[in-house]
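What follows is one structure encoded as structure tokens, with my remarks underneath.
2 protein chains.
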Amino acid sequence: MANQPGLEKVCIIGSGNWGSTIAKIIGNNVMKLDNLDKQVTMWVYEELIEGRKLTEIINTEHENVKYLPGIRLPANVKAVPDILDAARDASTLVFVTPHQFIGGLCKSLKGNIRPDCKAISLVKGVHFDTAEITLISDLISQELGIQVCTLSGANIASEIAREEFSETTIGFKDAKNGELFKQLFHTPYFRVNLVQDVHGVELCGALKNIVAIAAGLIDGMGLGSNTKAAVIRIGLMEMKLFAEAFLDGVCDKTFFDSCGVGDIMTTCYGGRNRRVAEAFAKTGKSFDELEKEMLNGQKLQGTITSFEVHQFLSARNRCHEFPLFDRVYKICYEGLPVKDIIAEF
Amino acid sequence: MANQPGLEKVCIIGSGNWGSTIAKIIGNNVMKLDNLDKQVTMWVYEELIEGRKLTEIINTEHENVKYLPGIRLPANVKAVPDILDAARDASTLVFVTPHQFIGGLCKSLKGNIRPDCKAISLVKGVHFDTAEITLISDLISQELGIQVCTLSGANIASEIAREEFSETTIGFKDAKNGELFKQLFHTPYFRVNLVQDVHGVELCGALKNIVAIAAGLIDGMGLGSNTKAAVIRIGLMEMKLFAEAFLDGVCDKTFFDSCGVGDIMTTCYGGRNRRVAEAFAKTGKSFDELEKEMLNGQKLQGTITSFEVHQFLSARNRCHEFPLFDRVYKICYEGLPVKDIIAEF
């Protein structure tokens, strides 16, 4: 299909579980939208599957057999192994890779994208150190000189791929971009809400994991449902306070949305951060041990984030304003007794 | 102990499970507060327990053996069987009875209370009909001509009586009254947050039960955690929209507080409305049958409230603005299939 001038054209950068799920949605949506080019490119990190190239499998069988098996991808989604080929004609970039890829991809793309390009980041991986908060959306924006929206919510790729109902939040700065991305992502089973807050949406996805550790500790101590609700709610309010204190353009509505209250519920009533923290409170084993036993040695996001956030707050003498975050850090790293998670607030 | 002039003096009106729990907290708190009379009266609906008067048992053994057995009440809480005796010297009335008692109690109290009296209502029982919303706080306020605060949150009396950590929300109009009630109720294990919104706080306690029905239906269909989070979040937003549309002085903060997001979590992840709705979706039995089987014939609050709210909205042609409330009503009363709870929003 030739590129049609004057139309928006989408390139999805990433083709894992989440990227492929999104490719299904966007591929279907562009077919119904007059302002969109019907062909969607998807950058695929090329690999061989039983001797065949993954791009070739996707383009002939319309299935990502490695990362989203059993789900048919629309035929108008074209897998492309070269990032410059994939993005060349695109006006709209959808970043959905592991965060480690972003730096390299942006270096390749710089100077090689359409001047009217805009992007959305679905990438997880806010980084905090003593000096600053590094948001993926800002990295992309600064490197490529374009506006970047964010998407986060109570979403599990495999459920959405099976068309189970859920919702998500898109944070935008410019309303026109927000509307465009809503057109691309919204379906009856994947409800998109818009908030004019790029940074708050992205930050929620990182900070929620600290709250999930707290919720798991409550579960592990066998405390009641109201204690747990209180701790989760206090955590949500610390997320909000943190975002308002250190980022620009954060709004209340973000925390009422799927990326806020929605995601905090699924993360704190299910999810692996909660589960491992529950085991920590029950068994007294270290997080290192539990990560080996329960996660094949993968690291928990919640403990890492609590460490980074502690560094960041500590450098500013502001830990005391975030007592729940502070206690999670101290329980994970300084031997504070688990029961102190609910010492007086 | 004689009444000391110039001090605030508390009368607790009600002595059930919740009233007795609150009596324990207030009785302890007044002992530490300079501006409070040390004696607290508690109006008790007199009954005989194995031949002894309940008031006499409470005043000698300092335990409400019928409604809160095993919990010691402070000795400065005096049980009084006559409402006028109980309230005569009080500047501060704490209403914590079943809602059916409020009309009669207010009639008795009218003209027989201190001129500087104010009250707080912990009573559940908002009533909706085609014409209006009747809030208990308004009933008390209008009947007695005094300001009335409200208290609601993720609270279970027995857990608070055992001093398990939880939090609650007090809605006030006049900041001075809000602060007074915070002094009376706040403890390290029962954290009180203040919001300047009397009506919103009270309404949350009623509308949450509709959302709990929806959450139970999702559980009954075996759907995923993100679908459930989406439905609960949409429900919370309909609660907020409803309060803003039909009541005065409602604020955002209320829905972030314990009475809002806190209570909706405990109600939708635990609680009997959720549980019976889950059984409804699983078994196809009627709510009438399930109430008989699971609740000894007691009526579910969520189904009744959804009926009343439907009447109220229907009379104003505004059902379509509240699709989740509307579907809960139609599933409970008009045979709409359960799966339609997540038809497109």
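Going down the list, the sequences are from chains F and D.
Quick note on numbering: the first sequence equals residues 1 to 345 in this note's numbering.
Quick note on numbering: the second sequence equals residues 346 to 690 in this note's numbering.
Ideal Cβ positions, reconstructed from N, Cα and C, are used throughout, including at glycine.
In this text the structure is predicted, and so the values were computed from the model without any measurement.
Pick from the options that is closest to residue i, judged by C-alpha positions
i	options	result
D/A431	D/S360, D/V540, D/L525, D/K398	D/S360
F/G249	F/Q196, F/I218, F/I264, F/V261	F/Q196
D/N522	D/A464, D/V441, D/F535	D/A464
F/V338	F/F242, F/K253, F/L217, F/I264	F/L217
D/G470	D/T495, D/T405, D/E488, D/Q487	D/T495
F/H320	F/G205, F/E344, F/C204, F/Q142	F/E344
D/F517	D/V543, D/I357, D/F601	D/V543
F/E238	F/K208, F/K253, F/C332	F/K208
F/A79	F/S286, F/G19, F/G104	F/G19
D/I676	D/F526, D/A660, D/F632	D/F632
F/A206	F/S91, F/I304, F/Y189	F/I304
F/S141	F/L93, F/K32, F/E179	F/L93
F/F246	F/F101, F/D257, F/T134	F/T134
D/L484	D/G449, D/S511, D/F587	D/G449
D/E653	D/V537, D/E477, D/V606, D/T405	D/E477
F/R191	F/E244, F/L241, F/G262, F/A243	F/G262
D/V441	D/R620, D/V493, D/E638, D/E524	D/V493
7 Å Cβ cutoff met for residue i and residue j
i	j	result
F/H62	F/L54	no
F/C251	F/S152	no
F/S137	F/S158	no
F/E164	D/G567	no
F/A212	F/G284	no
F/T266	F/I25	no
D/V385	D/V355	yes
F/T353	F/A161	Because chain F is modelled from 1 through 345, residue 353 of chain F falls outside the range shown and cannot be assessed.
D/D357	D/M387	Note that residue 357 of chain D is Ile in the sequence shown, not Asp. A contact, by the Cβ cut-off of 7 Å.
F/L68	F/N28	no
D/N571	F/I264	no
D/S436	D/E353	yes
D/E401	D/P426	no
Length of the line joining the Cα atoms of residue i and residue j
i	j	result
F/F128	F/P98	17 Å
D/E547	F/N64	51 Å
F/A215	F/D116	44 Å
D/R663	D/I458	41 Å
D/R578	F/Y269	14 Å
F/M1	F/N76	Summary for F/M1: the model assigns pLDDT 44, below 50, so the residue's position carries little reliability; its value from the coordinates is reported in the next sentence. Straight-line Cα distance between these residues: approximately 9 Å.
D/I686	D/T514	30 Å
D/F667	D/H655	10 Å
D/R433	D/K455	11 Å
D/K644	F/N273	38 Å
D/N641	D/L381	43 Å
D/V468	F/C204	36 Å
D/I491	D/G545	19 Å
F/V231	D/E488	38 Å
F/L324	D/R397	48 Å
F/L291	F/Y329	Looking at the sequence shown, residue 291 of chain F is not Leu but Glu. Distance between the alpha carbons of F/E291 and F/Y329 is about 17 Å.
F/L184	F/V30	7 Å
F/L84	F/D34	26 Å
D/R661	D/G580	20 Å
D/Q445	D/A368	21 Å
D/K598	F/K107	43 Å
D/K573	F/A154	10 Å
F/A281	D/F625	36 Å
F/E289	F/K182	43 Å
F/L241	F/M294	32 Å
Integer-rounded CB distance, given that residue j should sit under 8 Å from residue i
i	j	result
D/A622	D/G565	7 Å
F/K38	F/I49	No, F/K38 and F/I49 are not in contact; Cβ-Cβ is about 27 Å, not under 8 Å.
F/T130	F/F312	6 Å
D/I555	D/S651	5 Å
Q: Return the residues of the region 124 to 157 of chain F that lie within a Cβ-Cβ distance of less than 9 Å from chain D, sorted by chain order.
A: For the region 124 to 157 of chain F, which is checked against every Cβ of chain D, the residues closer than 9 Å are G153, A154, N155, I156.
**Q.** Positions along the region 223 to 244 of chain F whose CB lies within less than 9 Å of some CB in chain D
**A.** Going along the region 223 to 244 of chain F in chain order, one finds L223, G224, S225, N226, T227, K228, A229, A230, V231, I232, R233, I234, L236, M237, K240 with a Cβ nearer than 9 Å to chain D.
(Q) Counting only Cβ-Cβ distances shorter than 7 Å, please list the residues of the region 510 to 544 of chain D near chain F, keeping chain order. (A) Cβ proximity to chain F below 7 Å picks out F510, S511, E512, P533, R536 from the region 510 to 544 of chain D.
**Q.** Near-chain F residues of the region 610 to 627 of chain D (beta-carbon distance less than 7 Å), N- to C-terminal order
**A.** Residues are counted here when their Cβ sits less than 7 Å from a Cβ of chain F; for the region 610 to 627 of chain D these are M610, T611, Y614, G615, given in chain order.
Q.
Along the region 204 to 216 of chain F, where does the CB come closer than 8 Å to a CB of chain D? Name the residues.
A. So nothing in the stretch comes that close.
Q. Can you list, in chain order, the residues of the region 311 to 342 of chain F whose Cβ is nearer than 8 Å to any Cβ on chain D?
A. Near chain D, meaning a CB-to-CB distance below 8 Å, the residues of the region 311 to 342 of chain F are I342.
Q | Interfacial residues, the region 247 to 266 of chain F to chain D, with Cβ spacing under 9 Å | A | Residues D252, K253, F255, F256, D257, S258, G260, V261, G262, D263, I264, M265, T266.
(Q) Any C-beta of chain F within less than 7 Å: which residues of the region 372 to 392 of chain D qualify? (A) So nothing in the stretch comes that close.
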